[in-house]
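See below for the structure under consideration.
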Amino acid sequence: MNINKYIAFTSILMLGSLNIMAQTPKVSRTLEEALRADRVNSTSYRIYAGQNMQGNYFIGKTVETIDYSKPFSLAKDSIVAVEENERLSFASILAGDTILISERLIPLEGPSNFRDIGGVKTKDGKQVKWGQFYRADALGSIQEDEFPYIESLKISKVYDLRSDEEIATSKDNLPASIRWIHHPIFNGGNSAQMNAVMQKIKTGDMTPEDSRNLLITANKEFINSNLDAFKVLVRQLLDNEEPSLFHCTAGKDRTGLTSALLLSVLGVDKETVINEYLMTNYYTLPKMAQKKDPKMAAAFANIDPQVLLPLMSVDRSYLEAAFTEIDKQYGDMDKFIREGLEISDAERKGYQMKYTY
-8 MNINKYIAFT SILMLGSLNI MAQTPKVSRT LEEALRADRV NSTSYRIYAG
42 QNMQGNYFIG KTVETIDYSK PFSLAKDSIV AVEENERLSF ASILAGDTIL
92 ISERLIPLEG PSNFRDIGGV KTKDGKQVKW GQFYRADALG SIQEDEFPYI
142 ESLKISKVYD LRSDEEIATS KDNLPASIRW IHHPIFNGGN SAQMNAVMQK
192 IKTGDMTPED SRNLLITANK EFINSNLDAF KVLVRQLLDN EEPSLFHCTA
242 GKDRTGLTSA LLLSVLGVDK ETVINEYLMT NYYTLPKMAQ KKDPKMAAAF
292 ANIDPQVLLP LMSVDRSYLE AAFTEIDKQY GDMDKFIREG LEISDAERKG
342 YQMKYTY
């Protein structure tokens, strides 16, 4: 079977059959953050502060415009009011260390996995810059009244990692100010293969273990068969002077590995990279369970949700399969970045200086 084609197929399946996820498992935040800002509604944030994190805080419309002359006190889990759909950034200075935060999930009605990968800690104690790299699922459901908020993010380019067939199903709906770039990780394929897989799912011939193994194999194939596409993409993202976004259909497999590679180049350790990857479940699975599609409900009424859940979520074993393949072929991530991604140590240091603080 063409594993790449299967990834595209299961991503489309994911978006079309959300109603079958009634048995969605409980999920939790996997990315540890001493401080975080979550949107409560269009006019307020809740700032979550961990133990010993109470003190003076500072606020700005961007990290660069935070006003350090006007501190404000923040009690545990405080509410901060904002203008309609305004995005804010916050800073805390504790024990001489500055922590910068902003909202991670971009609050849109349609996409459920549109998020900023900034704020992630690096191995040397720095943070990846907020507002520079965004990852997302399909963007065709964005509404035009959400354009002003998206434009406020200053995203200059969107890299669409989907195949021609996926794009034909749902084109991105973006403000005219954003340049759309088609960068398929893979393209083409045999629709007969997809029909055969669908039939196997419907007849109950596929097991949960089969589903997991397919995605483990797919992540290995990303390194074995699709590395050139990822190499070019990562370089373009790092060389872009302005904020950029990359996405596929579900925002979890092709997008997930792209995010993992970017964060690795910027000096984030493996476990933190995996925890950021697993945040897809935190953001998407609850939303899946809430959506209804009567036609899909009828079509998949007799299918074991445990067979579909591995296809519609992420698991650390999926990304670890890619990491294992990297170690097998290159020895470690550092050598892979030098030889696989063709980013020299000097270039990598430059990117880290540019995109961390």
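Heads up: the sequence shown at position 311 corresponds to 302 in my numbering, and the numbers run straight through without jumps.
Cβ atoms here follow ideal geometry from the backbone N, Cα and C, with glycine treated the same way.
The alpha helix (DSSP H) with residue i in it runs from where to where?
i: Arg226; result: Leu218 to Asp230
i: Asp306; result: Taken as a continuous stretch (DSSP letters only), Asp306 belongs to no alpha helix (DSSP H), as it is neither H nor E.
i: Ser255; result: Arg245 to Val256
Rounded to the nearest angstrom, what separates residue i and residue j at their Cα positions?
i: Thr347; j: Arg329; result: 20 Å
i: Asn181; j: Arg37; result: Unreliable placement is indicated for Asn181, whose pLDDT of 49 sits below 50; the coordinate value is still reported in the next sentence. Distance between the alpha carbons of Asn181 and Arg37: 47 Å.
i: Thr53; j: Ile176; result: 32 Å
i: Glu23; j: Gln190; result: 41 Å
i: Arg30; j: Pro98; result: 7 Å
i: Met279; j: Gly242; result: 14 Å
i: Gln343; j: Gly195; result: 48 Å
i: Thr34; j: Asp136; result: 16 Å
i: Ala337; j: Val256; result: 12 Å
i: Phe237; j: Thr208; result: 23 Å
i: Asn217; j: Asp115; result: 30 Å
i: Val48; j: Ser69; result: Per the sequence shown, the amino acid found at residue 48 is Tyr instead of Val. Computed Cα separation, rounded: 11 Å.
i: Arg339; j: Leu253; result: 11 Å
i: Arg418; j: Lys17; result: Summary: the structure shown does not reach residue 418, with the chain confined to residues -8 through 348, and so no result is reported for it.
i: Leu205; j: Asp244; result: 12 Å
i: Thr240; j: Met303; result: 11 Å
i: Thr250; j: Glu233; result: Residue identity differs from the one stated: residue 250 is Ser in this sequence, not Thr. About 17 Å.
i: Ala312; j: Glu200; result: 15 Å
i: Glu77; j: Ser335; result: 39 Å
i: Val73; j: Ile50; result: 11 Å
i: Asp295; j: Pro62; result: 54 Å
i: Ser161; j: Ala86; result: 49 Å
Give the C-beta separation of residue i and residue j to the nearest angstrom, bearing in mind that I take them to be a contact with Cβ-Cβ under 8 Å.
i: Ser83; j: Ile90; result: 5 Å
i: Lys261; j: Phe314; result: 7 Å
i: Ser132; j: Gly109; result: Not really, about 24 Å apart at Cβ, beyond 8 Å.
i: Ile265; j: Leu310; result: 6 Å
i: Asp155; j: Asn178; result: 6 Å
i: Ser235; j: Ser168; result: Ser235 to Ser168, Cβ: 13 Å. No contact.
i: Ala25; j: Met44; result: 6 Å
How is the beta strand (DSSP E) around residue i delimited, first residue to last?
i: Ala337; result: Unbroken run through Ala337 is the alpha helix (DSSP H), Asp336 to Tyr346; no beta strand (DSSP E).
i: Leu236; result: Ser235 to His238
i: Ala127; result: Phe124 to Ala127
i: Val31; result: Leu26 to Asn32
i: Pro62; result: Asp58 to Leu65
i: Arg373; result: The chain is shown only over -8 to 348; residue 373 falls outside these bounds and no answer can be derived.
- request: Return the chain-ordered ranges of every alpha helix (DSSP H) run that is complete within the segment 69 to 121 and spans a minimum of 4 residues.
  value: none
message: Ignoring anything shorter than 4 residues, give me the alpha helix (DSSP H) runs that lie fully in the segment 138 to 192, in order along the chain.
response: 138 to 143 and 155 to 160
Validate contact between the segment 121 to 138 and the segment 57 to 64 using beta carbons, cut 8 Å, 3 pairs: These segments do not touch.
task: Mind the definition here: the segment 206 to 223 touches the segment 139 to 151 only if three or more C-beta pairs lie below 8 Å; say whether that holds.
output: no
query: Do the segment 104 to 118 and the segment 269 to 276 make contact, defined as three or more Cβ pairs closer than 8 Å?
result: yes
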